[in-house]
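Using this note's numbering, read the sequence shown as starting at 21 and increasing by one per residue.
Below is one structure, written out as structure tokens; comments come after it.
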Amino acid sequence: MPNQRRSRPVRRSSGSGDVFIPVIIILLGITILSLLIAFVWQKWQDKYDPDYLYPDSRPSSSQSESSSEASEPSSSEESSSEPESSAVQFGQPVPESERVTSAYFNDAVFIGDSLTTGIQLYNILPDTTVLAAVGVGLENIYTQEVIGTEDSKQTILEAADAQQPAKIYVMLGINGLKGLGADKTVELYRDLVQHLKETHPDSIIYVQSFMPINEQKFEANYGYNLTNAEIDECNEKLMAMAGEEQVYYVDVASAIKDETGGLPAEFTTDGLHFKGEYYNKWIDYLKEHTVPET
């Protein structure tokens, strides 16, 4: 029988995936180990930061702050070279000041006409003396007896003399502004201020600006045309007079004016007098515009 070649069994090679699995495991191990080493190294550097080991090698925050302060002018130096914005100056509106409480007005007297009566009517300052009445103006304030006592009546100025207040707030004369004109109104106002200075030499006197009006409602209710431009003109002259007389001018109108420079229609019924919440705006402004008591 001829020799027959035996066929050898074919050996199956293992799959390539079986070969690479150990390699992948090794690579993953190396990667994890590298990350661990990097993490430990970073922690070590953080712990032994040069600023930590040698704190004197870099300037401290206080040193750097002091050096920057030395290179820049201090606030006191700046204030000495520039006028203080909050300084009270006669002939200018009293600037904004630290807010006072309602108790500041306990020893004050408010002198005025029907507009000022609202302070009492709405109980805005319950412990403040309000000497005001409907129909009182710059000409008849010396003679018209409108303040009731136990058995009689007296003028506003007589009642003020009995009080001897520490502060006097005055707002009077807008009803006669149209007929008198700005110059005559301010002249009469000066007479009143001089009288108050003579009779109350130790009182702080505040002249308050005339309030704005709602022109349309004012004309409809009072039958004549008064404009806010006329009121603003009179206020400018009133402020100048206050400066000449060395009393304080308070621009309360700025707290009441809307974007048009007038009194918003929804807060007034007749164009002149305003509702309770606007009295709060008025008094809030006064609380933030005072002068130091001596």
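Glycine is no exception: its CB is placed at the ideal position from the N, C-alpha and C atoms.
Quick caveat: nothing in here was measured; it's all calculated off a predicted structure.
Cross-strand partners of residue i (DSSP beta bridge)
i      : result
VAL190 : ILE131 and VAL227
THR149 : VAL129
ILE167 : GLN174
PRO221 : Its beta-bridge partners do not exist; DSSP assigns none.
PRO113 : TYR269
Spatial distance of residue i from residue j (CA atoms)
i      : j      : result
LYS307 : PRO115 : 11 Å
LEU145 : ILE188 : 14 Å
VAL141 : VAL213 : The amino acid occupying residue 141 in the given sequence is Leu; Val does not appear at that position. Computed Cα separation, rounded: 26 Å.
LEU283 : LEU197 : 17 Å
ALA202 : ASN245 : 15 Å
ALA179 : ILE167 : 7 Å
PRO113 : VAL311 : 11 Å
ASN143 : ILE276 : 19 Å
GLN184 : THR136 : 19 Å
SER122 : THR148 : 9 Å
PRO75  : GLU118 : Interpretation of PRO75 is limited by its pLDDT of 37, a score under 50 that renders its predicted location unreliable; the figure taken from the coordinates is listed afterwards. Going by the C-alpha atoms only, they are around 45 Å apart.
GLY281 : ALA152 : 26 Å
ASP211 : VAL272 : 22 Å
LEU216 : PHE287 : 33 Å
ALA107 : TRP302 : 22 Å
SER134 : GLU264 : 28 Å
GLU256 : VAL206 : 10 Å
MET259 : THR289 : 28 Å
GLU235 : ASN248 : 7 Å
SER96  : GLY132 : Low confidence applies to SER96: its pLDDT is 37, below 50, so where it sits in the model is not reliable enough to give any reading.
PRO103 : THR314 : Note that PRO103 scores a pLDDT of 33, beneath 50, so its modelled location is shaky; the value from the coordinates is reported in the next line. Cα-Cα distance, rounded: 22 Å.
TYR209 : VAL190 : 10 Å
GLY320 : TYR242 : Because the chain in this structure spans residues 21 to 314, residue 320 falls outside the shown range and cannot be described.
MET218 : ALA186 : It is Glu, not Met, that sits at residue 218 in the sequence shown. In a straight line, the C-alpha of GLU218 is about 14 Å away from that of ALA186.
TYR269 : ALA240 : 31 Å
LEU177 : ILE224 : 16 Å
Where residue i falls, given that 16 or more other Cβ within 10 Å makes a residue buried
i      : result
VAL154 : exposed
ALA262 : buried
GLN109 : exposed
GLU279 : exposed
THR51  : exposed
PRO221 : exposed
SER172 : exposed
GLY193 : buried
ASN300 : exposed
GLU92  : Low per-residue confidence applies at GLU92: pLDDT is 40, beneath 50, and the placement is therefore not dependable, though the value from the model is reported in the following sentence. Exposed: under 16 other Cβ atoms inside 10 Å.
TYR162 : exposed
PRO160 : Per the sequence shown, residue 160 should be read as Asn rather than Pro. Burial call: exposed.
ALA128 : buried
THR175 : buried
Original post:
What are the start and end residues of each continuous alpha helix (DSSP H) run of 4 or more residues lying completely inside the stretch 250-293, in chain order?
Top reply: If we require 4 residues or more, the alpha helix (DSSP H) runs fully inside the stretch 250-293 come out as 273-276.
**OP:** Pair every Cβ in the stretch 229-239 with every Cβ in the stretch 277-296, then say whether three or more of these pairs are closer than 8 Å.
**Re:** Cβ pair count under 8 Å is three or more, so yes.
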